[in-house]
Amino acid sequence: MRSRTGAQLSSLPLILALVLPGCADGQEAEPEAAAAAVPEAAPALDDATIAHVAVSANAIDADMGELALEKSRDARVRSFAETMIRDHRGVNEQAVALATRLGVTPADNDVSRSLVADAEAARARLARLSGAEFDRAYLEREVAYHQAVLDALDTTLIPNTTNDELRALLTTARGAVAAHLGHAEALGAELAGSAGGQ
1247 MRSRTGAQLS SLPLILALVL PGCADGQEAE PEAAAAAVPE AAPALDDATI AHVAVSANAI
1307 DADMGELALE KSRDARVRSF AETMIRDHRG VNEQAVALAT RLGVTPADND VSRSLVADAE
1367 AARARLARLS GAEFDRAYLE REVAYHQAVL DALDTTLIPN TTNDELRALL TTARGAVAAH
1427 LGHAEALGAE LAGSAGGQ
C-alpha cells in the first residue's frame, strides 16, 4: 500500500477542524480555533490509516446515537439515533471483517485521535443539554458531522484508497452517510417547524 503526501491530504484535517469543533452546541467553530486545530503538515494516509479514520468516524457517530437515546424523549430523534447506531456499527463490522480477511490492521493516527478528541468535547457539551435544546443541538451536530464526513470521503478517503475492496466499502458507506445527512436535515427542519408553531 502506498503512502500519500501531506499536501495531497490537507483537506481532511481542514474539513474536520472547520466543521466539527464547536458545532455540537449549535455554534460554528471560531475561525482562529479551527485554524489552530489544523496540523502544520497533514499526515499521510495509507489504506490502514484510512481504514482507522473510517472506523473512528463510524464509532463516534454510533456513540453519539447512544447519548441521544439517553437524553432525548422525542420519538423521532430516538428513532434517528437508533438508525445511526445500527448503520454505523454495521459498517464497522464490515470494515473489521474486511481488514481481518486482508490481514490489515487499521493504524491509529493523528486524524483519528483528533476526531475522538473533538467527539469527546462535543459529547460533553451535548450532555449538559436537555429536552428540545438537546434535540436541536444533536441534530445540528449530526448535519455538520455527516457533511464533514461526506466531504472527507469525496475529497480524501475514497480517492486515496488503493485497495479496491476498501474503496468499495467506503463508496457504499458514502451512500449511507449522504442518506443520514438528508435525514438529519429533514428531521431538524421538522423539529424547528414544530417549535415555531408552539
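Going by the working numbering, the sequence shown opens with residue 1247, and the numbers climb by one from there.
Yeah, the Cβ is synthetic: ideal placement off N, Cα and C, and Gly gets one too.
Practice task
Go ahead and label Gly1311 buried or exposed: buried means 16 or more other beta carbons lie within 10 angstroms of its beta carbon, across all protein chains shown.
Solution key: buried
Problem - Presumed contact (8 Å Cβ cut-off) between Leu1427 and Val1389, rounded CB distance - result: 7 Å
Handout entry: Reduced DSSP secondary structure (H/G/I, E/B, other) of Val1350
Key = coil
Exercise for the section: Identify whether Arg1374 lies in helix, strand or coil by the three-state DSSP scheme. Expected result: coil
Practice task
Tell me, to the nearest whole angstrom, how far the beta carbon of Asn1338 is from that of Val1362; I am working on the premise that it is less than 8 Å.
Solution key: Not quite, the Cβ-Cβ distance comes to about 14 Å (not below 8 Å), so this is no contact.
Handout entry: Cutoff 8 Å; reference Ile1404; Cβ partners in own chain excluding five residues on either side
Key = Arg1413, Leu1416, Thr1417, Arg1420
Problem - When Ala1305, His1298, Gly1439 are compared against Glu1366, the one with the closest alpha-carbon - result: Ala1305
Practice task
Quick one: using the 10 Å Cβ neighbour count with 16 as the cut-off for buried, is Arg1387 buried or exposed?
Solution key: buried
Practice task
From the DSSP output, in three-state form, read off Arg1369 for me.
Solution key: helix
Practice task
Report the option in Val1423, Leu1375, Leu1399, Ala1294 whose CA atom is closest to the CA atom of Ala1345.
Solution key: Ala1294
Handout entry: Contact set for Ile1296: own chain, Cβ-Cβ below 6 Å, skip 5 residues either direction
Key = Leu1403, Thr1407
Practice task
Thinking Leu1315 and Arg1324 are a contact (beta carbons under 8 Å), I'd like their distance in whole angstroms, please.
Solution key: 6 Å
Exercise for the section: Following the continuous alpha helix (DSSP H) through Ser1302, name the residue where it begins and the one where it ends. Expected result: 1293 to 1317
Exercise for the section: Could you give the DSSP three-state label for Cys1269: helix, strand or coil? Expected result: With a pLDDT of 38 at Cys1269, under the threshold of 50, the modelled position of that residue is not reliable, and the figure given next carries that caveat. Correct three-state label for Cys1269: helix.
Exercise for the section: Could you give the DSSP three-state label for Thr1408: helix, strand or coil? Expected result: coil
Practice task
Let me know the secondary structure DSSP gives Asp1320 once reduced to three states.
Solution key: coil
Problem - Asp1410, buried or exposed, once every other Cβ within 10 Å from all chains shown has been counted against 16 - result: exposed
Handout entry: Distance, Thr1351 Cα to Ala1373 Cα
Key = 33 Å
Exercise for the section: Please work out which residues of its chain come closer than 6 Å, Cβ to Cβ, to Cys1269, disregarding the five sequence neighbours upstream and downstream, and give them in chain order. Expected result: Caution applies to Cys1269, whose pLDDT of 38 falls short of 50 and renders its modelled position unreliable; the model cannot decide the point.
Exercise for the section: Compute the Euclidean distance between the alpha carbons of Ala1327 and Ala1308, then round it to the nearest angstrom. Expected result: 8 Å
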